[in-house]
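**Student:** Once you've had a glance at the structure underneath, I'll fire off some questions.
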Amino acid sequence: KKKKEDKKKSGGTPAATGASKSSSTATAIAPGAVVVLLRGFAFLVVFIAGHTLATAGEVSDDKTPISIWGRMIFFFLAQGTAMEFFQLLMMQVARFALREGRPFGAEYTPEERATNDPTIPWPNKDFLPEDLQQFISKKGQPFYLNHVPGRRRFKDACMRFGSAMGTVLTVWCICRWMDHRTLADIGLTLDSKFWFEAFVGLLVGATVVGFIFATQVAAGWIKIINFFEVFDSSENFGLCILWDVIFHINVAIMEELPVRGWMLYNLTEAIRNSFGFSFFVAFSMAMLCQSSFFVLLHLPSPGGSDFASMLNIFIGGTVAGINVLVMQGRLGLVMGWHFAWNITMGNVFGLSTSGIPISATFISVAPHPEKKDRHGGVFGPEGGFVAPFAYLLTVVLVVLLFRLPTFSSATPGSYYASMVTAPTTLASGATALSSAAAAAAAASGSAEL
11 KKKKEDKKKS GGTPAATGAS KSSSTATAIA PGAVVVLLRG FAFLVVFIAG
61 HTLATAGEVS DDKTPISIWG RMIFFFLAQG TAMEFFQLLM MQVARFALRE
111 GRPFGAEYTP EERATNDPTI PWPNKDFLPE DLQQFISKKG QPFYLNHVPG
161 RRRFKDACMR FGSAMGTVLT VWCICRWMDH RTLADIGLTL DSKFWFEAFV
211 GLLVGATVVG FIFATQVAAG WIKIINFFEV FDSSENFGLC ILWDVIFHIN
261 VAIMEELPVR GWMLYNLTEA IRNSFGFSFF VAFSMAMLCQ SSFFVLLHLP
311 SPGGSDFASM LNIFIGGTVA GINVLVMQGR LGLVMGWHFA WNITMGNVFG
361 LSTSGIPISA TFISVAPHPE KKDRHGGVFG PEGGFVAPFA YLLTVVLVVL
411 LFRLPTFSSA TPGSYYASMV TAPTTLASGA TALSSAAAAA AAASGSAEL
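So this is what it looks like as structure tokens:
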């Protein structure tokens with residue numbers, strides 16, 4: 011009887027039932043596909059417009075950029091549309107890999123946007139010290155940390171990979187079309203020296219975060235409660251850590267390449283050429299600009315709009331700029347330092363990193379609920395008391411390891427060297443550097459550059 015009634019509702023025939031199912035599936039897929047197509051269309055329009063303008067006279071005959079403003083506008087539009095498009099595509103890949111069966115192109119769910127999963131039972135009261143057990147019944151997140159399952163971090167890692175793809179494509183296009191440079195000219199050399207400096211950056215970043223952790227534990231602002239903790243006990247610890255490693259590698263790329271690479275270099279050049287300031291004055295002004303932009307990037311993060319968080323992120327952006335200055339424009343050290351800072355803070359010591367959620371950590375801690383101003387609350391140590399000292403320690407370690415640069419224009423690999431003494435507009439950092447190096451080599455009778 012039930013089957014007959016169902017048959018009646020669906021149109022009376024199996025064919026009608028099949029048509030109904032097909033129609034509902036098409037209805038479910040269509041909106042998502044439209045979203046993907048629209049974002050892809052916006053991405054193409056912006057990039058085609060940028061290429062058309064670059065080849066139709068927006069750049070002068072001597073290949074010198076004539077307007078930093080036009081390039082900055084294209085930079086923001088191109089990066090925004092490219093990141094959105096590739097993020098959405100990689101989210102589809104993640105959903106397919108997890109076999110969720112969601113329609114293609116569907117927008118992000120509330121669970122995918124949330125920074126914390128309240129269904130995860132954390133912390134375990136048995137692991138908490140007696141002085142912290144009284145806070146476990148408080149509403150919300152009394153211990154401030156954001157935890158999500160590993161499958162959610164897998165999605166985050168995929169989306170960050172998409173963001174990094176969009177970022178690299180944007181910077182490559184603007185360098186090639188408008189700046190007439192290569193990615194190596196703005197510091198992404200990817201040679202043996204780059205990888206060595208990245209490794210040193212890893213060590214410096216891990217050391218500095220170790221200093222933060224040791225200080226907070228010694229001061230009693232956080233308490234160690236567990237080791238090798240996975241917040242969803244059904245998941246694998248190693249895989250959860252792997253997703254965060256992939257996530258933070260892509261964060262380092264998508265923040266350092268455009269901000270400390272393209273933006274810092276081009277703003278320094280534009281300020282020097284426009285106002286006639288010395289290299290160090292121009293670089294300092296550009297560094298303040300990119301640090302302010304770095305603060306804006308972190309405002310949407312949980313706790314990112316607090317004054318202490320904004321101040322510390324500004325200082326952190328300035329220190330990252332100093333690292334680039336010391337390395338004479340190369341990005342290896344600052345990328346390694348950025349990655350180590352994030353992964354060590356979040357997944358080794360279990361602290362909050364700009365409010366980013368974690369799914370597993372080597373050391374699990376509980377921040378004291380009444381000492382938010384000291385340990386930084388939901389934003390983590392970057393919103394706390396120790397961060398400025400950690401940034402200062404970073405500068406000291408980098409200078410001790412590499413010394414301050416002399417900015418000799420004949421130094422191979424020094425991408426800012428040509429701006430120190432250049433009296434006129436810089437056509438190309440790499441071209442000027444090569445010419446200076448060749449001249450120095452010819453004067454000394456050496457055949458090597």
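Counting in the working numbering, the sequence shown runs from 11 upward without gaps.
Each residue gets a CB set at the ideal place from its N, CA and C atoms; glycine is no exception.
Between which two residues does the beta strand (DSSP E) holding S374 run?
**Tutor:** Segment A370 to P377, the beta strand (DSSP E) holding S374.
**Student:** Roughly how many angstroms separate the alpha carbons of L341 and T62, rounded to a whole number?
**Tutor:** Using only the alpha carbons, I get a separation of about 30 Å.
**Student:** Assign W272 to buried or exposed, taking buried as 16 or more other Cβ atoms, counted over all protein chains shown, within 10 Å of its Cβ.
**Tutor:** Looking at its Cβ environment, which holds 16 or more other Cβ atoms inside 10 Å, W272 is buried.
**Student:** Do A10 and F53 have their C-beta atoms closer together than 8 Å?
**Tutor:** Because the chain here runs from 11 to 459, residue 10 falls outside it and cannot be looked at.
**Student:** Do R191 and C185 come within 8 Å of each other at the CB atom, strictly closer than that value?
**Tutor:** Yes. Within cutoff.
**Student:** According to DSSP, is F53 part of a helix, a strand, or is it coil?
**Tutor:** Note: F53 maps to helix in three-state DSSP.
**Student:** CA-CA distance, I232 and E140?
**Tutor:** Answer to the nearest angstrom: the Cα atoms are 13 Å apart.
**Student:** Which residue from G390, S202, L142 and K135 puts its Cα closest to that of S319?
**Tutor:** The shortest C-alpha separation from S319 is found at G390.
**Student:** Using beta-carbon positions only, say whether F106 and N236 come within less than 8 Å of one another.
**Tutor:** Not closer than 8 Å, so no.
**Student:** With distances taken Cα to Cα, identify the nearest neighbour of H157 among K148, Y275, F171 and W132.
**Tutor:** Comparing Cα positions, the closest option is W132.
**Student:** Can you tell me which of the three DSSP states A64 falls into?
**Tutor:** Reduced to three states, the DSSP call for A64 is helix.
**Student:** Which residues mark the beginning and the end of the alpha helix (DSSP H) in which E380 is found?
**Tutor:** Run containing E380: none; DSSP gives neither H nor E here.
**Student:** Can you tell me the Cα-Cα spacing of T65 and S77, whole angstroms?
**Tutor:** So the two alpha carbons sit approximately 14 Å from each other.
**Student:** Can you tell me which of the three DSSP states V2 falls into?
**Tutor:** The shown model of the chain, from 11 to 459, leaves out residue 2, and the question about it has no answer.
**Student:** With a threshold of 7 Å on Cβ separation, who are the neighbours of I57 within its own chain once the five nearest residues in sequence on each side are excluded?
**Tutor:** In the sequence as displayed, the identity of residue 57 is Phe instead of Ile. Cβ within range, chain order: A88 and C183.
**Student:** Confirm, please, whether the CB-CB distance from E239 to A370 is below 8 Å.
**Tutor:** Yes, the Cβ-Cβ distance between A370 and E239 is below 8 Å.
**Student:** Return helix, strand or coil for V388, following the three-state DSSP convention.
**Tutor:** V388: helix per DSSP, three-state reduction.
**Student:** How long is the line joining the alpha carbons of E392 and T199, rounded to whole angstroms?
**Tutor:** In a straight line, the C-alpha of E392 is about 29 Å away from that of T199.
**Student:** Report yes if the C-beta distance between S294 and F324 is below 8 Å; otherwise report no.
**Tutor:** The answer is no: Cβ separation not under 8 Å.
**Student:** Mind checking who T363 pairs with in its DSSP beta bridge?
**Tutor:** T363 pairs with I366.
**Student:** Using the Cβ count rule (16 or more neighbours within 10 Å means buried), how would you classify T119?
**Tutor:** Its Cβ having fewer than 16 others within 10 Å, T119 is exposed.
**Student:** Starting from I234, trace the beta strand (DSSP E) both ways and give me its first and last residue.
**Tutor:** Looking at the DSSP string, the run of the beta strand (DSSP E) that includes I234 is I232 to V240.
**Student:** Can you give the beta carbon distance from V218 to L403, rounded, assuming they're within the 8 Å contact cut?
**Tutor:** Contact flag correct, Cβ pair sits at about 5 Å.
**Student:** Does R49 pass the burial test, meaning 16 or more other C-beta atoms within 10 Å, or should it be called exposed?
**Tutor:** Classification for R49: buried.
**Student:** With DSSP run on the structure shown, which of helix, strand or coil describes H157?
**Tutor:** It is a strand residue.
**Student:** Helix, strand or coil for P268 per DSSP?
**Tutor:** Looking at P268 - three-state DSSP - the assignment turns out to be helix.
**Student:** Which of the three DSSP states, helix, strand or coil, is assigned to D189?
**Tutor:** Three-state result, D189: helix.
**Student:** Figure out for me which residue from M337, T354 and E380 has the closest Cα to the Cα of V405.
**Tutor:** Among M337, T354 and E380, the Cα nearest to that of V405 is on M337.
**Student:** If you draw a straight line from the C-alpha of S364 to the C-alpha of G314, how long is it?
**Tutor:** Taking the straight line from one Cα to the other gives about 7 Å.
**Student:** Given this structure, state the Cα-to-Cα distance separating C299 from L274, to the nearest angstrom.
**Tutor:** For C299 and L274, the distance between alpha carbons rounds to 8 Å.
**Student:** Can you check whether the CB of A167 is closer than 8 Å to the CB of F257?
**Tutor:** Yes; because the gap between Cβ atoms is below 8 Å, this pair is in contact.
**Student:** Please report how far the alpha carbon of F209 lies from the alpha carbon of E279, in whole angstroms.
**Tutor:** Those two C-alpha atoms are separated by around 29 Å.
**Student:** Cutting at 7 Å between CB atoms, please list the residues of its own chain near I251, excluding the five before and the five after it.
**Tutor:** N357 and A370, listed in sequence order.
**Student:** Looking at the structure shown, is S147 part of a helix, part of a strand, or coil, going by DSSP?
**Tutor:** Of the three classes helix, strand and coil, the one that applies to S147 here is coil, per DSSP.
**Student:** Can you tell me the Cα-Cα spacing of Q226 and L414, whole angstroms?
**Tutor:** Near 31 Å, if we compare the C-alpha coordinates of L414 and Q226.
**Student:** Since I believe R270 is in contact with A330 (beta carbons under 8 Å), could you give me their beta-carbon distance rounded to a whole number of angstroms?
**Tutor:** Contact flag correct, Cβ pair sits at about 5 Å.
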